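First to last, the sequence lines map onto chains V and C. Numbering-wise (this note's numbering), the first sequence opens with residue 2 and increments by one. Numbering-wise (this note's numbering), the second sequence opens with residue -19 and increments by one. Glycine included, C-beta positions come from ideal geometry on N, C-alpha and C. Values in this document were obtained by computation on a predicted structure and should not be read as measured data. So the structure is just underneath, and the comments pick up after that.
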Amino acid sequence: MSAAPQVKFYQVGSFAAGNRLLGPEAQSDQADPGRSNALTCGHRACQGCGEALGARYALDAAQRAAGGKVIAVNATGCLEVFSTPYPETSWQLPWLHSLFGNAPAVAAGVAAALRAKGRTDVRVVGQGGDGGTVDIGLGCLSGMFERNDDVLYICYDNEAYMNTGVQRSGATPATARTATTQAVGEQPGAPFGQGKSLPLIAMAHEIPYVATATVAGLRDLEAKVHRAMGMRGARYLHVLVPCPLGWGTASHDTVRIARLAEQTGLFPVFEATGGVVTDVTPIRRRVPVEEYLRPQKRYAHLFTPEPRTDVIARLQRVADRNIARFGLLAQEEEVSS
Amino acid sequence: MLKQTEGSRAVAETVAYCRPEVIAAYPISPQTHIVEELSRLVKSGALKPCEYVNVESEFAAMSMCIGASAAGARTYTATASQGLLYMVEALYNASGLGLPIVMTVANRAIGAPINIWNDHSDTMSQRDSGWIQLYARDNQEAADLHPQAFRLAEELSLPVMVCMDGFVLTHAWERIEVPEQTQVDAFLPPYEPRQVLDPDEPVSIGAMVGPDAFTEVRYLAHAKQMQALEAIPRIAEEFREAFGRSSGGLVHPYACEDAETIVVVLGSVFGTVCDVVDEMRERGVRIGALAITSFRPFPLEAVRTVLGGARQVVVLERALAVGIGGIVSANVRTALSGIQLAGHTVVAGLGGRPITKESLHRLFDDAVAGRLEQLTFLDLNTELVERELARMAKTRRSGPSAENILRDVGSNR
Ligand SMILES: Cc1ncc(C[n+]2csc(CCOP(=O)(O)OP(=O)(O)O)c2C)c(N)n1
Ligand code: SF4
């Protein structure tokens, strides 16, 4: 047997191993010219849309893991609208959209039908935006978790209702400006102390698998989809997908911004099984939240006309709390020692 | 097999013989006995393969049916009242997607004030939802309509509601001929979906449709419902041949040939109305009754044929269109456009108020004598409502009136 390939880090800043340096069996699903291309070209997403990127990687990985036998169920939202401008479709796999708030139940219905027909080879993936998942669809999602329906549900979190024009959702972070949390008044943007963490809510259901990921760690995203598809029962994957339109970021910055969300600690990346955190992606290069906030127009009011250092410090405390809570720096010592 | 059994149980057994593969259910009175019995049949292994899923709401129940039906499974659920309204968004979606889901609705009033008893407010509110609606006259028909509903739904790729009066039918024990499995199997072939989610032949279902095609899509939904006007009587006739009894169809006229006055009804009140018709006929009154089984699609031709020769029509409504009056009446009037004939709307039996033969005699006598108003509320306690109206007029503050009325009713006791 040949020695394992010598992996070198060449992508400055990301520490990600490039495909070119890996053997074919270790390369990413997307590097495979024969990949399934679940979401193919021709859709109408904005340039640099994190959701389009995340969905393509996630579903290609799901298809590879399931030998191509995947049915996808989609909630209403950007992903649904930009991918199926009738009579065209960008989906290369069987795909069903019903409503904004019912994707988990529809997916569970598909799974029930497959179970009744003895089709154990065909797997179901449900997907929706953060609004469809953490807000209007939460009841259906909780029901799906509680029954342990055999569905992998993926939430593409762009932290607002983008499809209706960037309004606040339960996943919108504090101080972020949206069309319904305007940057006016004494406490501009979304208020502190509201919103919810769906990964933690999912864990409280003690389902087999819960994980978070971002489009900055696409290999990690693929690996998590593979892991989830290797299990049965209700599984939940929460993917941070920056939205150039809603966040006011450059189209070419989507991946960089997602990486900054990880590196600040504002978006902890971890895995949990049966309600217990089993793994976290450590922060290799910790950055202050300001570095993440500055390039985004939704936080512009924190910097002009004069910097709101008090508010930025408060956001820093949120990040610090995440770092402590999930032990995101724990492995740094090991790496450096 | 002829049995003395409860309506709900007969329906559940018949549904089980239709071999649904997915049942999603959420309990609500008076639907509960149906889903309880089905859960027993699935759990005991009598009905298999079948996935019986306890969901967290009616919205989830219908959503799950949508997924299961799109994935090619024969799918069933049952609900009533608030539950039906809780499903509304998914109801329109199921019909828009052309999914042949069958649902029993144990008709019940809608609150507030909360009321668990029977009327047709729930299903009438869904008349434009794109679902076919069939109303059972008795428990035999309620059971028999289910194999027909599956046939119809799957032939046309449209969802079908079987409406049976809550309590009056669901909880009533009667002698019912419950079909045999072999009979149902011969009548109802396995479900073959027109379009199905299948990794070997991927399709996208539920795409975003713009103004360029939406009208055409909606037109086709209408056209499909109109095809049901041919399919419903044909399937009912096949049912009669296979099972040896008649159930279903578009309409059921009773003593209408020479009738001057015809009473139009939906559902179980037909039996009482026919009794009154018989008694009035003995007195020489030329009166008849018409039950509309298929309310959606509305059988304009059939209704016109039966009613066209009469002098007047009394529509007994079991729901109220607040602000105008009659719902069924408006549809009947469409059927009679161009025909000069007196029409009356009678709102009766709301929230389970008994529709007695005495009241009907009085009502029909008034109709025959030309004393009936355009809009009548059968057995309305006018004294009570006038007192409340006066109270409302006295104070500019508005508030819940049900509480006042209940207090008045109590003090009268
Ligand atoms: C019952 C209902 N309420 C509201 C809407 C309008 N609506 C459609 S998509 C959407 C927001 C989608 O936001 P999200 O789920 O976060 O997905 P995104 O578009 O951001 O990807 C809303 C509010 C709807 N379709 N249905
Ligand atoms: S608005 Fe945002 S989520 Fe929607 S398509 Fe554009 S970039 Fe993607």
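Minimum Cβ-Cβ distance from E335 (chain V) to chain C less than 7 Å: Annotation note: pLDDT 44 at E335 (chain V) (below 50); position unreliable, coordinate value reported separately. Taking 7 Å as the threshold, the shortest C-beta distance from E335 (chain V) to chain C does not fall below it.
As assigned by DSSP and simplified to three states, the class of M232 (chain V): The answer is coil: DSSP assigns M232 (chain V) none of H, G, I, E or B.
According to DSSP, residues forming a beta bridge with N87 (chain C): Beta-bridge pairing links N87 (chain C) to C:D145.
Neighbour list for L94 (chain V) in chain C, Cβ cutoff strictly below 7 Å: Scanning chain C for C-beta atoms nearer than 7 Å to the C-beta of L94 (chain V) yields P179 and P182, reported in chain order.
Sequence-distant residues of the same chain with beta carbon closer than 8 Å to H13 (chain C), five excluded per side: Excluding sequence neighbours, H13 (chain C) sits near E(-14), S(-12), R(-11), A(-8), T150 and H151.
Interface residues of the stretch 27 to 38 of chain C facing chain V [CB-CB below 8 Å]: Close to chain V, meaning a Cβ-Cβ distance shorter than 8 Å, are the following residues of the stretch 27 to 38 of chain C: P29, C30, E31, V33, N34, V35, E36 and S37.
Per-residue contacts from A262 (chain V) into chain C (C-beta, under 8 Å): Neighbours of A262 (chain V) on chain C: none; closest Cβ ~30 Å, over 8 Å.
Contact check, L136 (chain C) vs A208 (chain C), beta carbons under 7 Å: Going by C-beta atoms, L136 (chain C) is nearer than 7 Å to A208 (chain C).
Residues bridged to E(-14) (chain C) [DSSP beta-bridge criterion]: C:W153, per the DSSP bridge assignment.
V290 (chain V) to A320 (chain V) span [Cα, whole Å]: Between V290 (chain V) and A320 (chain V), the C-alpha separation is close to 7 Å.
Ligand 1 heavy atom lying under 6 Å from the CB of N164 (chain V): Under cutoff, so the answer is yes.
Q168 (chain V) in three-state terms, based on DSSP: DSSP, reduced to helix, strand and coil, places Q168 (chain V) within a strand of the structure shown.
Below-7 Å beta-carbon distance, L97 (chain V) vs any chain C residue: Closer than 7 Å to some Cβ of chain C, the Cβ of L97 (chain V) qualifies, so yes.
Residue closest to D221 (chain V), alpha-carbon to alpha-carbon, out of V:G43, V:V126, V:L241 and V:P209: Comparing Cα-Cα distances from D221 (chain V) to each of V:G43, V:V126, V:L241 and V:P209, the minimum goes to V:L241.
Nearest neighbour of N1 (chain V), chosen from V:A262, V:V167 and V:G275 [CA to CA]: The structure shown does not extend to residue 1 (chain V), since chain V is modelled only from 2 to 338, so the question has no answer here.
Rounded straight-line distance, which links the Cα of R333 (chain C) to that of G51 (chain V): Rounded to the nearest whole angstrom, the C-alpha separation of G51 (chain V) and R333 (chain C) is 59 Å.
Classification of I155 (chain V) by the beta-carbon crowding that lies within 10 angstroms, buried from 16 upward: Sixteen is the threshold: when 16 or more other Cβ atoms of the shown chains lie within 10 Å of the Cβ of I155 (chain V), as they do, the residue is buried.
Coarse secondary structure for M163 (chain V), derived from DSSP in three states: Three-state DSSP puts M163 (chain V) in coil, outside helix and strand.
E147 (chain V) - containing alpha helix (DSSP H), residue span: Boundaries of the alpha helix (DSSP H) harbouring E147 (chain V): L139 to E147, taken from the DSSP string.
Check whether M42 (chain C) and V35 (chain C) have beta carbons under 7 Å apart: No, these two residues do not count as a Cβ contact at 7 Å.
Whether A53 (chain V) touches Q93 (chain V) by CB criterion (7 Å): No, Cβ-Cβ distance for A53 (chain V) and Q93 (chain V) is not below 7 Å.
Interfacial residues, the stretch 100 to 116 of chain V to chain C, with Cβ spacing under 9 Å: Residues L100, F101, G102, N103, A104, P105, A106, V107, A108, A109, G110, V111, A112, A113, A114, L115 and R116.
Separation of Y293 (chain V) from H253 (chain V), as counted between CA atoms: Computed Cα separation, rounded: 15 Å.
Length of the line joining the Cα atoms of A63 (chain V) and G91 (chain C): Between A63 (chain V) and G91 (chain C), the C-alpha separation is close to 46 Å.
Where D280 (chain V) falls, given that 16 or more other Cβ within 10 Å makes a residue buried: Classification for D280 (chain V): exposed.
Selection from C:M188, C:A290 and C:I3 that minimises the alpha carbon distance to M83 (chain C): If you compare the alpha carbons of C:M188, C:A290 and C:I3 with that of M83 (chain C), the shortest gap goes to C:I3.
Which of helix, strand or coil DSSP assigns to S338 (chain V): Note that S338 (chain V) scores a pLDDT of 35, beneath 50, so its modelled location is shaky and nothing firm can be said.
Rounded C-alpha distance that separates V308 (chain C) from Q62 (chain C): One Cα belongs to V308 (chain C), the other to Q62 (chain C), and the distance between them is close to 21 Å.
Heavy atom of ligand 2 within 6 Å of L230 (chain C) beta-carbon: Result no, Cβ not under 6 Å from ligand 2.
C-beta neighbour in chain C for I72 (chain V), strict 7 Å: Interface residue, yes.
Chain V contact for G47 (chain C) (CB, 7 Å cutoff): G47 (chain C) counts as touching chain V.
Contact list for S143 (chain V) against chain C, beta-carbon separation under 9 Å: Within chain C, the residues near S143 (chain V) are E36.
Residue of V:P296, V:G127 and V:S29 minimising C-alpha distance to A76 (chain V): Out of V:P296, V:G127 and V:S29, V:G127 has the C-alpha closest to the C-alpha of A76 (chain V).
Residue range of the unbroken beta strand (DSSP E) whose run includes Q128 (chain V): It spans R124 to G130 - the beta strand (DSSP E) in which Q128 (chain V) sits, taken as one unbroken run.
Start and end residues, beta strand (DSSP E) containing F268 (chain V): That residue, F268 (chain V), is in no beta strand (DSSP E); it is neither H nor E in DSSP.
Best match in V:I208, V:R260 and V:T250 for proximity to R236 (chain V) [C-alpha to C-alpha]: Answer by Cα proximity: V:I208.
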